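Here is the structure we will look at.
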Amino acid sequence: MIVQFICRAILLAVPMLYGTTGEIVTEKSGHLNLGIPGVMYVGAISGVVGSFLYENACGNDIANMNGFLAVIIPLLCSIAGSVIMGLIYSFLTVTLHANQNVTGLALTTLGIGLGNFLGASLINITKSELPSIALTKTSSFFTVKLPFADDLGWFGELLFSHDFMTYLAIIIALAVTFVLNRTRVGLNLRSVGESPATADAAGINVIKYRYVATCIGSAIAGLGGIQYVMSYASGVWSNNAFGDRGWMAIALVIFALWKPSAAIAGAFLFGALCNANNYIQGLGTETQELFKMLPYVATIVVLIITSVRKKREHQPPASLGINYFREER
Amino acid sequence: MAKKTDSKKEPLFHVVKRDDMPAGKAWLIRIAAIVFSFLLVGLLSMAITEKSFGETYEIMFSGVFGRLFEGKTTMLWKYLQEIAILLCLALALTPAFKMKFWNCGAEGQALVGGLASIFCMIQFGSSLSYPVLMVVIVVTSILAGAIWGIIPAVFKALFNTNETLFTLMMNYIATQIIAYYVYIEGGGSNVINPVAYGNFPTVGNNDYFVNIVTVAGITVLMYAYLRFSKQGYEISVVGESQNTARYVGINVKKVIIRTMAISGGLCGVAGMLLVAGKDHSINTNLVGGDGFTAILMSWLGQFNPFIMVVMTAIVIFLRLGVAKVADTALLNHSFSEIIVGIVILILVGCEFFIHYSIKFRQSKKEVKA
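Protein sequences appear in the order of chains A and B.
Positions in the first sequence are counted from 1; adding 6 to them yields our numbering.
Positions in the second sequence are counted from 1; adding 7 to them yields our numbering.
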């Protein structure tokens, strides 16, 4: 029971972890991308389109499918889709100096619209009876487990029974932590986010860093979308199923205080909170609805605590949300 | 910007900020952007319907206005009603934005306003007389929205807590409270049947008349409030510079909390209009994302309520019209979300050409001469 609860929490946590890691990379460059929910939708649907085409090309027969291609095609499509979204965002905010909140929200509208439109179109093409599209064959390649997981009892289930995207999410989060804190590129990126004018004077190409950080961040976030479809939903895309996980990911950035390594624990806690209502005995359906607000309440509490304590290392990047224009001071 | 540090070549062009563009010329650029986006919408719609440009727009007009020329006004009223709600939310957000307070919580503030309305309609519907009941509904809805707005404002004023995310989270808390209430009140069916009490009166066979007139009134009042009142002036000073505001003796904390009470209260009104004036019921999707679209409307309206009227009219036209186009092509309605997203991005992008100008490189000789 407890093992099952923890595994479920991890499964719920992974899409959020991708979104959060991506958003942290972007925010470290000083850009608050509120388009992440839209980016994750686009990442998911691009991957779905890719795997749909590949499954069709193989005649919908799992025997013809190459495991490596079945995984890499959706992943590459997903990255391509979300990088395009990242490029739109950075072109508007970095080059055209458009307001970041407004651009991000418009991008979310666009992304969710694109996801639902393409999803509905695919459902139309397959002439499916259900309002969803099932890519269970591709999903089966995504959810391959480590061979020795089942032999180790609860220990194995807890640590080794997850799909490879779960481990990838943790690796990416740790790698981002390393790059941000231990490398020159990370130092430059942080300085761009704290004080772009100083960084510019020191010879750092602020525009390049902001473009690249936004696009990489979007790519990572988009992976969360495809992970959700392939692992959590077992390859079934239905419109609006992804819900508000993108906003949760943005909330998690604050919860984790802009640290990807802390985001791993934060995402897991959010997953547990999202899921707690199913595992506490004797809750009526109506009380369950109230329990679902726990992650949001937790975020607000963290927001308040960090703003009251005002510790220097717990603050957002100093120029977050402010566009940089060299000739303005 | 093209920049090469290793050579001494001048960049091909550089961008210069300008504040001197005459208002007329700025609007010419904005109108050009709107015309451009309508052309683009037409082309994209043509691509999916495989009909001519004119026919596509004919379908869009029929989707918005219906058979208006044959004297059938049903669709027109529906169009005006949708404008009214989006406009009401945009107006509600405007004082907060002018103060540089990013209220992303219109959705939740409207939801709790609607919740207050439906609660009064169900609890007191049969016991209070109609006028008293209406007063109770109006007061509680405004109060509920205002409280939902004041909570993040207090923390912003006291501790400078990030309001964008605070208000965003408040949306989801409101959604869950409504899910809870709907479950209890609907007896587990997740549906509350339309309540017969406390509905706005129908004027001349028209359900939405009261909603539309209310929002028209709010538009004028909001314009006057921001433009001519002392409080409106205080809002713009706080928005420009909190230090200046403190220096001239404005109580910044008070202004933040008061402005968010107004902002949240007006969102509560929008929720009330939706519940008492339209649905007579409630569900978690009551506002349907309009709280977020309203943020964009307020921004595109340049804090001017009358421009917001035009912007919301355009966006609702696209939403209804393109949905009809998608219908005729047997496609999903989300096509209209894509279109609205693209058009807003174009309009946001066009501001660049108003606030900045591009100077191309001139050859050295010309500079010397």
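Don't be surprised by glycine CBs; every beta carbon is placed ideally from N, CA and C.
Remember, it's a predicted structure, so these values are computed and weren't measured experimentally.
Val-23 (chain B) has B:Ser-364 as its beta-bridge partners, per DSSP. With its beta carbon less than 7 angstroms from one in chain A, Val-355 (chain B) belongs to the interface. None of the residues of the region 312-328 of chain B has a beta carbon lying less than 8 angstroms from any beta carbon of chain A.
Contact with chain B is found for Gly-119 (chain A), since one of that chain's Cβ atoms lies less than 7 angstroms from the residue's Cβ. Burial state of Ala-39 (chain B) is exposed, judged by a 10 Å Cβ sphere holding fewer than 16 other Cβ atoms. Comparing alpha carbon positions, the residue from B:Val-347, B:Phe-68, B:Ile-90, B:Ile-55 closest to Thr-221 (chain B) is B:Ile-90.
Straight-line spacing of the CA atoms in Phe-76 (chain B) and Lys-85 (chain B) works out to 16 angstroms. Per the Cβ contact rule, the region 60-76 of chain B is not in contact with the region 274-289 of chain B (fewer than 3 Cβ pairs under 8 angstroms). The beta carbon of Phe-126 (chain B) does not come within 7 angstroms of any beta carbon belonging to chain A, so the residue lies off that interface.
With contacts defined as CB atoms closer than 7 angstroms, Val-255 (chain B) and Glu-241 (chain B) fail to qualify as a contacting pair. Within the region 249-262 of chain A, contact with chain B at the beta-carbon level (separation under 8 angstroms) is assigned to Asp-250, Trp-253, Ile-256, Ala-257, Ile-260. For Asn-245 (chain A) against Asn-130 (chain A), the beta-carbon gap comes to about 12 angstroms, at or over 8 angstroms, which does not count as contact. The DSSP-derived three-state label of Ala-104 (chain A) is coil.
If you compare the alpha carbons of A:Lys-133, A:Tyr-238, A:Ala-203 with that of Pro-21 (chain A), the shortest gap goes to A:Tyr-238.
Taking 3 residues as the minimum length, the beta strand (DSSP E) runs contained wholly in the region 107-190 of chain A are 138-140, in order along the chain. Close CB contacts of Arg-253 (chain B) within its chain, under the 7 angstroms cut and outside five residues either way in sequence, are with Val-259 (chain order). Residues are counted here when their Cβ sits less than 9 angstroms from a Cβ of chain B; for the region 90-101 of chain A these are Ile-94, Phe-97, Leu-98, Thr-101, given in chain order. For Ser-244 (chain A), the enclosing beta strand (DSSP E) starts and ends at 242-244. For the region 145-158 of chain B, the set of positions with a beta-carbon nearer than 7 angstroms to some beta-carbon of chain A is empty. DSSP, reduced to helix, strand and coil, places Val-217 (chain B) within a helical segment of the structure shown.
For Thr-305 (chain A), the residues of chain B that pass the 8 angstroms Cβ criterion are Leu-172, Met-176, in the order they occur in the chain.
Here Val-191 (chain A) is exposed: its Cβ has fewer than 16 other Cβ atoms, across all protein chains shown, within 10 Å. By the CB criterion at 7 angstroms, Leu-111 (chain A) and Ile-302 (chain B) fall inside the cutoff. Taking a cut-off of 8 angstroms for Cβ pairs, the region 166-175 of chain B and the region 277-292 of chain A do not touch, as fewer than three such pairs fall below it. The contact set of Lys-24 (chain B) on chain A, defined by CB atoms closer than 7 angstroms, consists of Phe-331, Glu-333, Glu-334 in chain order.
Judged by pairs of C-beta atoms under 8 angstroms, the region 257-271 of chain A does not touch the region 64-80 of chain A, as fewer than three such pairs exist. In this structure, the CA atom of Ile-351 (chain B) is about 23 angstroms from the CA atom of Met-106 (chain B).
For Val-294 (chain B), the secondary structure class from DSSP, reduced to helix, strand or coil, is coil.
Residue A:Ala-126 holds the alpha-carbon nearest to the alpha-carbon of Val-55 (chain A) among A:Ala-126, A:Ala-273, A:His-320, A:Phe-161. Val-210 (chain B) carries a strand assignment under DSSP once its states are collapsed to helix, strand and coil. Counting along the chain, Arg-37 (chain B) sits inside the alpha helix (DSSP H) bounded by residues 30-56.
Listed by position along chain B, the residues whose Cβ is nearer than 7 angstroms to that of Ala-112 (chain A) are Leu-303, Gly-348, Ile-351, Leu-352, Val-355.
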